[in-house]
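S.K.: Below is one structure. I have some questions about it.
As structure tokens, this is what we get:
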């Protein structure tokens, strides 16, 4: 009997997605458990009492939480290709930049979508500042990890498919060709990478198919965006499509 | 043998103290550059253009920023006196609690310090809730790291220095020995360690500084 690995997540959370990609990169088999964050299971509250969030990785009964901590754990606990670089200095850079993405990259993006007026303008400025820093980091490289996808690319996963969605929803253009030619190239490279492509079976990541057609879903995200405070899940539900082609394939392929 | 280590810090930064503690525990020699944060040096801006903050550890000309990232770098580069546990799960737990410290413990304690009246009561309750988790982690242990000071002790080291200062200024008790016996004992054990003791910034200067930081909040609340 080998390792027992379970991942509790939600299908639309970029924090869960990055863990899934890392598990796949490492070749770790696991069981996926979908959580309903509007109706948290007693198990979730037990395994993550402090934050009550996903992802939660349970390895042989031991829970680990916080996606970047989970990723380092996976890298250390399982054999297989290294997720973080081997050299301590390169590792420190990876840790610095993944923290930057989560502290300064993602939050202004959310805020830029969901806030209004002056707060939105401020968030948009912050988001652009962070994107400029990332543009500088990616210059001259195919991926943040160099020639191959690395931890920073995986952590920035949401930027690749999420920003175009946010731009459409909010009618704010963030990734302009003028200011961010290298980041835009990265988006294309990342989404076309055979590994990522296999994970997200979508041909053109920037295509309108990311957007819900006119109908009940459109209504839900419009309502979600204008609620105060805005309902995050309405946004996700609409933006990431409830349809099957956005769900991880293996929910129905749970390994025995 | 010089390791060509330079630490950019401010005189009072608890984040910089983490790095000082780690370097001293590892027995490493380093040069210190004390920055005036109102007048940042060209070197600081060059080494940390993203955040323009201290501490920055420069090793053989290469900068490492963010104190917890620096701690891991130090631990991975110099193998003596390991700071993080060896086992991956214990390492994950140490990292988790350190993040909890940053996300929840420090902000909640700061809230207590800068609030007043009913707000302060609420803040105290929240801080106490967070501190209870730490109390539990310390049960049966001298340090978070076990018998000796490790990564998590260093990450929480600011408490051993700062809590009593904040308590004195705000005239309240955040961590009393009755409610938090393990945490109180830990703060004493940590502060008493010879390597740690010699690094504390001058207490009277700290009181002056934090009193001044509290002023604008008191005025707001008045």
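Chains as they are written, first to last, in this note's numbering: chain A, 1 to 256; chain B, 1001 to 1222. The beta-carbon is built from N, C-alpha and C at its ideal position, and this holds for glycine as well. This structure is a prediction, so every number in the text was calculated from the model and none was measured.
For residue 46 of chain A, which residues in chain B fall below 9 Å Cβ to Cβ?
M.R.: Translated into positions along the first chain, residue 46 of chain A becomes position 46. Simply none; closest approach about 15 Å.
S.K.: Rounded to whole angstroms, what's the CA-CA distance from residue 1069 of chain B to residue 76 of chain A? Just pull it up for me.
M.R.: In the second chain, residue 1069 of chain B corresponds to position 69, counting from 1. In the first chain, residue 76 of chain A corresponds to position 76, counting from 1. About 17 Å.
S.K.: Determine contact between the segment 53-71 of chain A and the segment 1086-1096 of chain B, defined as no fewer than three beta-carbon pairs at a distance below 8 Å.
M.R.: The answer is yes - the segment 1086-1096 of chain B touches the segment 53-71 of chain A, with three or more Cβ pairs under 8 Å.
S.K.: Tell me whether residue 1181 of chain B sits in a helix, a strand or coil according to DSSP, three-state version.
M.R.: Your numbering for residue 1181 of chain B matches position 181 in the second chain. Residue 1181 of chain B falls in the helix class under three-state DSSP.
S.K.: Taking only beta-carbon atoms, is residue 271 of chain A less than 8 Å away from chain B?
M.R.: Only positions 1 to 256 of chain A appear in this structure, which leaves residue 271 of chain A out of reach.
S.K.: Using a Cβ distance threshold of 8 Å, determine whether the segment 1111-1119 of chain B contacts the segment 1163-1170 of chain B, with at least three qualifying pairs required.
M.R.: Counting Cβ pairs under 8 Å, three or more are found: they touch.
S.K.: Could you give the distance in angstroms between the alpha-carbon of residue 103 of chain A and the alpha-carbon of residue 1050 of chain B?
M.R.: As a working mapping, residue 103 of chain A is identified with position 103 in the first chain. As a working mapping, residue 1050 of chain B is identified with position 50 in the second chain. Their backbone Cα atoms lie some 12 Å apart in a straight line.
S.K.: Please report how far the alpha carbon of residue 25 of chain A lies from the alpha carbon of residue 45 of chain A, in whole angstroms.
M.R.: On the first chain, position 25 is the one that residue 25 of chain A refers to. On the first chain, position 45 is the one that residue 45 of chain A refers to. Spanning the two alpha carbons is a distance of roughly 29 Å.
S.K.: Along chain B, in chain order, which residues have C-beta atoms closer than 7 Å to that of residue 96 of chain A?
M.R.: By one-based count along the first chain, residue 96 of chain A stands at place 96. Residues of chain B passing the Cβ test: 1065, 1066, 1069.
S.K.: Whole angstroms is fine: what's the gap from residue 80 of chain A's alpha carbon to residue 27 of chain A's?
M.R.: Within the first chain, numbered from 1, the residue matching residue 80 of chain A stands at position 80. Within the first chain, numbered from 1, the residue matching residue 27 of chain A stands at position 27. Distance between the alpha carbons of residue 80 of chain A and residue 27 of chain A is about 7 Å.
S.K.: Quick one: which chain B residues come within Cβ less than 8 Å of residue 50 of chain A?
M.R.: By one-based count along the first chain, residue 50 of chain A stands at place 50. Within 8 Å Cβ-Cβ: 1100, 1104, 1133.
S.K.: Determine contact between the segment 1056-1064 of chain B and the segment 1004-1011 of chain B, defined as no fewer than three beta-carbon pairs at a distance below 8 Å.
M.R.: Short answer: they touch.
S.K.: Thinking C-alpha only, which one of A:146, A:188, A:140 is nearest residue 159 of chain A?
M.R.: As a position in the first chain, residue 159 of chain A is number 159, starting the count at 1. The shortest Cα separation from residue 159 of chain A among A:146, A:188, A:140 belongs to A:188.
S.K.: Secondary structure at residue 136 of chain A, three-state DSSP: helix, strand or coil?
M.R.: Counting from 1 along the first chain, the entry for residue 136 of chain A is found at position 136. Helix at residue 136 of chain A.
S.K.: What I want to know is whether the C-beta of residue 144 of chain A ends up closer than 7 Å to one or more non-hydrogen atoms of the ligand FAD.
M.R.: Inclusion of the ligand FAD in the displayed structure is not the case, the ligand content being empty and no account of it being possible.
S.K.: Kindly indicate the opening and closing residues of the beta strand (DSSP E) around residue 1007 of chain B.
M.R.: By 1-based counting over the second chain, the position of residue 1007 of chain B is 7. Here the beta strand (DSSP E) through residue 1007 of chain B covers 1005-1009.
S.K.: Check whether the Cβ atoms of residue 121 of chain A and residue 108 of chain A lie closer than 8 Å to each other.
M.R.: Within the first chain, the letter at position 121 stands for residue 121 of chain A. Within the first chain, the letter at position 108 stands for residue 108 of chain A. For residue 121 of chain A and residue 108 of chain A, no; Cβs fall outside 8 Å.
S.K.: If you run the structure through DSSP and keep just helix, strand and coil, what is residue 38 of chain A?
M.R.: The residue you call residue 38 of chain A lines up with position 38 of the first chain. In the structure shown, residue 38 of chain A sits in coil (DSSP, three-state: anything other than H, G, I, E or B).
S.K.: Compile a chain-ordered list of the residues in the segment 65-91 of chain A whose CB is closer than 8 Å to at least one CB of chain B.
M.R.: Those residues of the segment 65-91 of chain A that come within reach of chain B (Cβ to Cβ, closer than 8 Å) are 65, 66, 69, 70, 72, 73, 76, 77, 88, 89, 91.
S.K.: Classify residue 1054 of chain B as helix, strand or coil using the three-state DSSP reduction.
M.R.: Reading the second chain from its first residue, position 54 is the one you call residue 1054 of chain B. Of the three classes helix, strand and coil, the one that applies to residue 1054 of chain B here is coil, per DSSP.
S.K.: Under 8 Å, do residue 16 of chain A and residue 71 of chain A count as touching if we go by C-beta distance?
M.R.: As a first step, residue 16 of chain A must be located in the first chain, where it is residue number 16. As a first step, residue 71 of chain A must be located in the first chain, where it is residue number 71. No, Cβ-Cβ distance for residue 16 of chain A and residue 71 of chain A is not below 8 Å.
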